[in-house]
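In this note's numbering, the protein residues as written are 1 to 527.
All residues carry an ideal CB built from backbone N, CA and C; glycine is no exception.
Please read these numbers as outputs of a predicted model, since none were measured by experiment.
Worksheet: one structure, shown below.
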């Protein structure tokens, strides 16, 4: 904090005894697409730094393909904060670096730099730089040079501080390689690779990327050994490949899924524009950054053999009426949390096709309950046939069936009864989707009128402009696929929700629980 004050008073940077780098690479969630308004507009209180040009060091039309020509003046070190560049705002940088620095016993500063761009595929961000390939659509070229920029950033830092070293890499990409049918698309001109083979392809690409990025950066800083890479679980098919990469490469650490944080549906930036559901609100970026900083500290400084909350084994119990899933749990006990996140459910005759995030393929769920500190029991509406192979998946967006629309008034949907209890966890978060066959729209407010729920929406946000009709059955959905299973991690955040324009959580500390990873087709063992 003293160094920040001296910088503000004197206009010159005052360096910490140690300056370590966290080098970021990725697509839209990494560069803060639509994460506005920012919530970390003031300089870091933990003396963390960025270059004068900002955390986002790759800028379109600013020597994007020739980073060595970028002006030296833009590489002075200044206090880390979130900045606005058009539709780009808050990144994970402040949450990540500030949480990490706050855990340190000895003062240390982190320099954070991100050279990625939204919408990019893995080989476009790599040394292959496929974004400048002649086969790439003109609208997706943008000058390339992402990987070269990351290396040049390290050279600039080393020139400023000969003792500079990079402590960690952070990777936030994967959606760009997701295919339309659940497989992986390797490039913009290649056919989709079927899921199983595609996941292996992305796993191998990510491992190779980390190894080359580590070697090239270490050649600049003079470090020995391998640089660790931390990543998140994307919502697309690459999310499972990221977990596979972490299992295969001991230097890759999957922090977990980000589905608990608010999406950019809650963002607002000029001229009165909301963000896309696939992006994160500014609080979502900073909150997720704290999760990353927490895990970085445990791995780098406490030498914890980190594993995200994930399934370890599933067994069909005698009678074939229930399944017990054993989990690897970072901080037991397990909790099925339907207060912080709305209960995930999709009702069908006799029970639920999905419940608390779980689906038993070929079965109908009756209940999901905690069986032990590290296990969950799925109860079925009726026994599964003997000898039938059973699989379990986790992660769906459906929240609750809201009956039918009784009336439509201007930009309001009037339901047939009150759904206040079911919708409260959603309204605590902020905006959510109300959906029916053929259309969907964000619900931006809920009020009770004469014993029924009334949902406010904006006509301009109707999917494809398709309007709702009276009598239609509608459901509530979160922006992200999710489930209700988390651990009991008690680590305290250093930040709190900062945007009071949506939801009810402004001023509350970010909870740093670990939520279960998304998974599909997990095999269930026989009794």
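Kindly identify the DSSP beta-bridge partner or partners of residue i.
i, result
"residue 433", "442 and 477"
"residue 187", "DSSP output for residue 187 lists no bridge partner at all."
"residue 23", "113 and 169"
"residue 313", "326"
"residue 408", "413"
"residue 351", "348"
"residue 515", "486"
"residue 400", "476"
"residue 253", "230"
"residue 470", "Partner(s): none; residue 470 has no beta bridge."
"residue 51", "77"
"residue 273", "269"
"residue 358", "355 and 394"
"residue 524", "390"
"residue 33", "88"
"residue 380", "365"
"residue 455", "413 and 446"
"residue 370", "376"
"residue 335", "486"
Is residue i near the ligand MG, with its Cβ less than 7 Å from a heavy atom?
i, result
"residue 238", "Here there are no bound small molecules, and the ligand MG is not part of this structure."
What do you reckon, are the CB atoms on residue i and residue j nearer than 8 Å?
i, j, result
"residue 276", "residue 124", "no"
"residue 144", "residue 64", "yes"
"residue 306", "residue 253", "yes"
"residue 345", "residue 355", "yes"
"residue 380", "residue 526", "no"
"residue 95", "residue 290", "yes"
"residue 282", "residue 37", "yes"
"residue 78", "residue 52", "yes"
"residue 40", "residue 279", "no"
"residue 71", "residue 152", "no"
"residue 44", "residue 165", "no"
"residue 414", "residue 406", "yes"
"residue 423", "residue 452", "no"
"residue 339", "residue 262", "no"
"residue 88", "residue 140", "no"
"residue 508", "residue 497", "yes"
"residue 479", "residue 433", "yes"
"residue 48", "residue 101", "yes"
"residue 110", "residue 22", "yes"
"residue 375", "residue 326", "yes"
"residue 402", "residue 476", "yes"
"residue 456", "residue 444", "yes"
"residue 90", "residue 294", "no"
Can you tell me the Cα-Cα spacing of residue i and residue j, whole angstroms?
i, j, result
"residue 81", "residue 321", "53 Å"
"residue 430", "residue 442", "10 Å"
"residue 226", "residue 119", "28 Å"
"residue 486", "residue 416", "33 Å"
"residue 391", "residue 178", "23 Å"
"residue 59", "residue 129", "16 Å"
"residue 369", "residue 483", "13 Å"
"residue 308", "residue 514", "7 Å"
"residue 168", "residue 229", "6 Å"
"residue 396", "residue 54", "36 Å"
"residue 239", "residue 352", "25 Å"
"residue 284", "residue 511", "12 Å"
"residue 204", "residue 332", "32 Å"
"residue 328", "residue 211", "27 Å"
"residue 31", "residue 311", "31 Å"
"residue 314", "residue 524", "5 Å"
"residue 448", "residue 408", "15 Å"
"residue 132", "residue 142", "8 Å"
"residue 258", "residue 288", "7 Å"
"residue 464", "residue 171", "33 Å"
"residue 105", "residue 215", "29 Å"
Since residue i and residue j are thought to touch, with beta carbons under 8 Å apart, how far apart are those beta carbons, to the nearest angstrom?
i, j, result
"residue 181", "residue 192", "6 Å"
"residue 117", "residue 176", "With 8 Å as the limit, residue 117 and residue 176 do not qualify as a contact, their Cβ atoms being about 10 Å apart."
"residue 108", "residue 163", "The Cβ separation is near 12 Å, so there is no contact."
"residue 242", "residue 174", "6 Å"
"residue 494", "residue 98", "6 Å"
"residue 84", "residue 24", "Rounded, the Cβ-Cβ distance is 18 Å, inconsistent with contact."
"residue 377", "residue 292", "So it is not a contact: roughly 32 Å between Cβ atoms."
"residue 330", "residue 428", "Incorrect: roughly 25 Å between the Cβ atoms, too far for contact."
Q.
For the region 180-189 against the region 245-252, do three or more pairs of beta-carbon atoms, one drawn from each stretch, fall closer than 8 Å, so that the two count as touching?
A. no
Q. Do the region 233-243 and the region 508-524 touch if we need at least three Cβ pairs shorter than 8 Å?
A. yes
Q) Any chance the region 124-137 sits against the region 157-164, with 3 or more Cβ pairs inside 8 Å? A) no
Q. With a cut-off of 8 Å, do at least 3 Cβ pairs link the region 373-388 to the region 348-364?
A. yes
Q | the region 491-510 in contact with the region 265-274 per 3-pair CB rule at 8 Å | A | yes
Q.
With a threshold of 8 Å, are at least 3 pairs of Cβ atoms found where one atom belongs to the region 461-473 and the other to the region 423-440?
A. yes
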